[in-house]
Structures are given as C-alpha cells and as structure tokens.
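> Below is the structure I would like to discuss, written out as structure tokens.
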Amino acid sequence: MGLAIVSLTVATAIVFDFTNGFHDTANAMATTIATRALPPRAAVGLAACLNFAGAFISVAVAATIANGIVDQASVTVPIIFAGLIGAILWNVITWFLGIPSSSSHALVGGMVGSVLAGVGSGAVIWSGIASKVVIPAVLAPFVCGLAAFVATRLSYRLTRPIDQGRSGVGFRFSQIGSSSMVALAHGTNDAQKTMGVIVLTLVAGGRLSPTAGVPVWVKVVCATAIALGTFSGGWRVIKTLGTKVTEVESPQGFSAETSSATAILSSSYFGFSLSTTQVVSGGVMGAGLGRAGGVVHWGVVRNMVFAWLLTMPAAGAMGALAEVTVSGFSNATVGVAVVGAAAAAILATFLVQARRHGNVTADNVIEAEPQALQPAGVGA
Amino acid sequence: MLAALSDYLPLADLAKIVAVCLVVAVVAPASVSLAIAGLDRRARTGSSEGDRALGIVLIVVGVAVLLALVAAGIYALDVH
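If you read the protein sequences in the order shown, they are chains D and S. Heads up: take any position in the first sequence, counting from 1, add 1076, and you land on the numbering used here. Heads up: take any position in the second sequence, counting from 1, add 267, and you land on the numbering used here.
This is the structure in structure tokens:
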C-alpha cells in the first residue's frame, strides 16, 4: 500500500484523537468547572496534562482495538480511513449539539460500518463487540449512577452538622483529585484506541509487522493529539454535563467523579473497557438524584440516551458511506483524498455554524441558561 | 439459539466491580467528611487544645484514606 494513503489515514486517525480529546474533556472536568472548584482554563489544562500522561501507562486497549473488533487480516487501509471518517463526523455532530456521546463507540461503529461495506459481516468479530462494547455500555451508567447516588447521600448526611461553606471548600478541593483520576484514566483508555487504529493502519499498509508492539512515535503523537484536543475544551459538552443535566453542587461533583473513576478503574482492572462518557453521565445523574430535593432535567437525559443508542449505527452508516465512496474511485489514494476533503469541508461548516449560533467558550460555559429544572423523579 | 449474558460477560467480575464501586462510594465521602470535620474542629473559635489535636488526627486519617484510594486507582491502571 502506498505511503500517501497510509499517511493520509494516520493523519485522519490523529484528527479523530483530537476530536476525542475535545469531545471528552467534559468527562473529567464538567462538574469541576460547574462547581468552580477550578477555573475553566485551569481545569482543561490539568485534564490535558493528565490525558497526556495517561496515554503512556498501558497499551492493553490498543491491542483490543487492533485485534478484538474486526478481523485484522481482512481490513485494508481505505476501510480504516472510512471508519475514522464516520467516527469523526459523529463526534463533531454530537459536539455541535452539545451531547455527551461516546467517542469510543463512534470509533467502533465507524470501523464496523466501513468493514461491513467493504468486506462483509464475516470480518466483524461480533462476540468481541457484544462483550467489549454493547454489554458494558448498557451496564456502566447504572453501576456508576448507583455508586454516585450512595456517595452523594452520604456526603450530605455526614457533613450536615458542619458549616456549608467550609464543607463546600473541602469537597471542591477533593473534586480536583477525583476528576484528575478520571482524566488520567481517560488518557489511558482513549489515547490507546487511536494507537490501536494507527497500528492497524500500519499493519494493513505493510509498514509494520502484525506482531510488533505500538511504536514510540505512535504513543507520543496520540498522547499529544488527545492532550491538545482536551486543552481546546469541548465547551458545549461541558456545559451540558456540568449545568444542564442537573444543578451540581460540590459534594455531588465529588461523588460523581469519584464513582466514575472507581467504575472505570475497577472495570479496567477486570479487563473491560468502558465508555468514560457514559460512566460519567451516569454518575452525574446518580449524583443529581442523590441530593435531597435534587433536580434532574430528564429531557436532556432523554436526548443523551437517544444519542447513545444512535452512536454506533450512525457512525457506522457514515463509515459505510465513506467506504462506498472511496471504493468508487479506481485509485484508492484519490478516493481517500476526495472523501477527506469533503469531510474537512463538513467539519469547517460545523465549526463556522458553532461560532455563529450560541458559541460556548471558557468565559460563558457555566452561565446558567433559563430552563425549568424539575425535581428528581419527575419526567420532563 | 441466543447466548446467555454470562457467555459474554463474567458475572462474577461484574459483581466485584459493583461491590468495589459501592465500597468506594461509602469510604470516599466518609474520608472527605472526616477531613472536613477535622478542619471544622481546628477552625472553631474557642476550641481547646484537645479539640485541635483531634481535628488534626481526623484530617490525617481522612487524607490518608483518600491517598490510599488514589494509589489503588493508579495500581489498577498500571496492572491493566
């Protein structure tokens, strides 16, 4: 396979890694920013550093992506490219809408869609998708939500006799630690997924032996891309998770992030790779329900769950469309370049539209929007 | 024929994950609350030397438990 097409696909993987960073900044820092435990810029800066560091801790998830989802031997470089296009487009669409959806599921969905279109269902490892993606995706928000609910109840109960201002300072300080753990775990889990895709590309392009590990330059590039994406701040998603799902107070933020970090790390220990987005979203909901008289905006939750259900099929459909388009060209490199240019134009359109309509920045990310929050348990 | 859930997900491991999450959901807020109670005791006007000493003990215990949780988390990442 030519160097040009391999390089274009690696570059596209790096773009995906960047979108993964800015889309998922909210996972670690939304509640920390919402409770003013840290200023927005400092929070995303800390998350970026920890994402960078986390990317070097382990490569187990990279191996899962490279081997466990699709048959490595059947995959070609244009198919990987098309899968990445599907994932990037879905990430940008959900970012534009401010919906915390899973970048990992977008990546898996995009890859599966392009493989289905390019090779057929025989090249998809369905049991791997069921055990590594679908079942954990269903269970994760409930497990984390339950833990966050318990932690929030206890946090308020145990500090009831203490001056609220003083306990608030204590919980805000603790929140920095718990959200840092989430950022570190996110770097470890998510940067590796792009490492896996780049390794898959290099193997499919004949540039790397299938038995070789992850090259150091791949680790450095992926760590840098996800850190830069994180630092750029996905303010729209941060606003949704930090202010629109529920009104987060510092004990709730601490409980949500601690439960999320625990769910992610304990499941990693047992060999499951969870979507940090779904875990943290479940944690925020649980924390919202855990405070007496707490408020949860169920309309926002409903949109989020709808987006979660749609993520894999939608990213898959876009990946399949990209693969069909690329394979329509007699020269694959030309096809990849044309589809890449079209995707870049779509991304630019979304960025321009985001600036024109309700631009969310570090300066206005925690400004409350006029909306009717409803008591927990009452549907919207 | 449909496969059972246990064919795709070891239920024993899932139970352990839920148990760990619930234990931390109790231990972490309790340790932060201990530290906050310690700070409160130290800062209260008119508190005796004994109160202040107890405050320091509460802070140390609370922070130590939190640091142990962080260390366990990093260990889990490293092992993974």
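Note that the Cβ used here is the ideal one computed from N, Cα and C, for glycine as well.
Find out if the Cβ-Cβ distance for the pair residue 1113 (chain D), residue 1252 (chain D) is shorter than 9 Å.
In the first sequence, the residue the question calls residue 1113 (chain D) occupies position 37. In the first sequence, the residue the question calls residue 1252 (chain D) occupies position 176. Yes, they are a contact pair.
> Is the stretch 301-313 of chain S close to the stretch 1237-1257 of chain D, with three or more CB pairs under 8 Å?
Segments in contact, yes.
> For the stretch 1395-1413 of chain D and the stretch 1351-1362 of chain D, state whether three or more C-beta atom pairs, one from each stretch, are separated by less than 8 Å.
The stretch 1395-1413 of chain D vs the stretch 1351-1362 of chain D: no contact.
> Can you give the Cα-Cα distance for residue 1338 (chain D) and residue 326 (chain S), rounded to whole angstroms?
The count along the first sequence starts at 1 and reaches residue 1338 (chain D) at position 262. The count along the second sequence starts at 1 and reaches residue 326 (chain S) at position 59. About 23 Å.
> Does residue 1268 (chain D) pass the burial test, meaning 16 or more other C-beta atoms within 10 Å, or should it be called exposed?
As a first step, residue 1268 (chain D) is located in the first sequence; it is residue number 192 there, counting from the start. Classification for residue 1268 (chain D): buried.
> Would you call residue 1282 (chain D) buried or exposed, if buried means 16 or more other Cβ atoms sit within 10 Å of its Cβ?
Taking the first residue of the first sequence as 1, we reach residue 1282 (chain D) at position 206. Result: exposed.
> If you run the structure through DSSP and keep just helix, strand and coil, what is residue 1334 (chain D)?
Numbered from 1 along the first sequence, position 258 holds the residue referred to as residue 1334 (chain D). Residue 1334 (chain D): helix per DSSP, three-state reduction.
> When you check each C-beta in the stretch 1251-1265 of chain D against every C-beta of chain S, which residues fall closer than 8 Å?
Residues passing the 8 Å Cβ filter: 1253, 1254, 1257, 1260, 1261 and 1264.
> Output yes if chain D places a C-beta closer than 9 Å to the C-beta of residue 277 (chain S); else output no.
Sequence index remark: in the second sequence, residue 277 (chain S) carries index 10 (1-based). It does; some Cβ of chain D falls within 9 Å.
> Identify the contact partners of residue 280 (chain S) in chain D, using a Cβ-Cβ distance below 7 Å as the criterion.
Mapped onto the second sequence, residue 280 (chain S) falls at position 13. Here the neighbours are 1346.
> Taking the C-alpha atoms as reference points, what is the distance between residue 1126 (chain D) and residue 277 (chain S)?
The residue labelled residue 1126 (chain D) in the question sits at position 50 within the first sequence. The residue labelled residue 277 (chain S) in the question sits at position 10 within the second sequence. Near 31 Å, if we compare the C-alpha coordinates of residue 277 (chain S) and residue 1126 (chain D).
> Tell me the DSSP bridge mates of residue 1322 (chain D)?
Your numbering for residue 1322 (chain D) matches position 246 in the first sequence. Paired residue(s): D:1372.
> Would you please verify whether the beta carbon of residue 1112 (chain D) is less than 9 Å from any beta carbon of chain S?
Taking the first sequence and counting its residues from 1, the one referred to as residue 1112 (chain D) is at position 36. No, residue 1112 (chain D) lies away from the interface with chain S (no Cβ there is under 9 Å from its Cβ).
> Between the stretch 1299-1319 of chain D and the stretch 1262-1277 of chain D, do at least 3 Cβ pairs fall closer than 8 Å?
Yes, they touch.
> Using a beta-carbon distance below 9 Å, is residue 1200 (chain D) in contact with chain S?
Here the question's residue 1200 (chain D) lines up with position 124 in the first sequence. It does not; no Cβ of chain S falls within 9 Å.
> Strictly under 9 Å for the Cβ-Cβ distance: is residue 1217 (chain D) near chain S by that measure?
Taking the first sequence and counting its residues from 1, one reaches residue 1217 (chain D) at position 141. Not an interface residue.
> Helix, strand or coil for residue 1200 (chain D)? Go by DSSP, reduced to three states.
Translated into positions along the first sequence, residue 1200 (chain D) becomes position 124. Residue 1200 (chain D): strand per DSSP, three-state reduction.
> If I measure Cβ to Cβ from residue 1331 (chain D) and keep anything under 6 Å in the same chain, skipping five residues before and after, which residues do I get?
Taking the first sequence and counting its residues from 1, one reaches residue 1331 (chain D) at position 255. Here the set comprises 1224, 1227, 1228, 1231 and 1363.
> Quick check on the burial criterion: 16 or more other C-beta atoms within 10 angstroms. Buried or exposed for residue 1250 (chain D)?
By one-based count along the first sequence, residue 1250 (chain D) stands at place 174. Classification of residue 1250 (chain D): buried, given that the 10 Å Cβ count is 16 or more.
> Give the straight-line distance between the Cα atoms of residue 1274 (chain D) and residue 342 (chain S), rounded to the nearest whole angstrom.
As a working note, residue 1274 (chain D) is residue 198 in the first sequence. As a working note, residue 342 (chain S) is residue 75 in the second sequence. Cα to Cα, residue 1274 (chain D) sits roughly 27 Å from residue 342 (chain S).
> DSSP puts residue 1146 (chain D) in a beta bridge; with which residues?
Counting from one through the first sequence, the residue named residue 1146 (chain D) turns up at place 70. In DSSP, residue 1146 (chain D) forms a bridge with D:1200.
> By the 7 Å beta-carbon criterion, what residues does the stretch 282-303 of chain S contribute toward chain D?
So the list reads 283, 284, 285, 287, 288, 289, 291, 292, 293, 295, 296, 297, 299, 300, 302 and 303, given in the order they occur along the chain.
> Compile a chain-ordered list of the residues in the stretch 307-332 of chain S whose CB is closer than 8 Å to at least one CB of chain D.
Those residues of the stretch 307-332 of chain S that come within reach of chain D (Cβ to Cβ, closer than 8 Å) are 307 and 310.
> What is the DSSP secondary structure of residue 1234 (chain D), counted as helix, strand or coil?
Within the first sequence, residue 1234 (chain D) is the residue found at index 158, counting from 1. Correct three-state label for residue 1234 (chain D): helix.
> Residues of chain S with CB closer than 7 Å to the CB of residue 1234 (chain D), please, in chain order.
Residue mapping note: residue 1234 (chain D) aligns to position 158 of the first sequence, counting from 1. Per Cβ cutoff of 7 Å: 296, 297 and 300.
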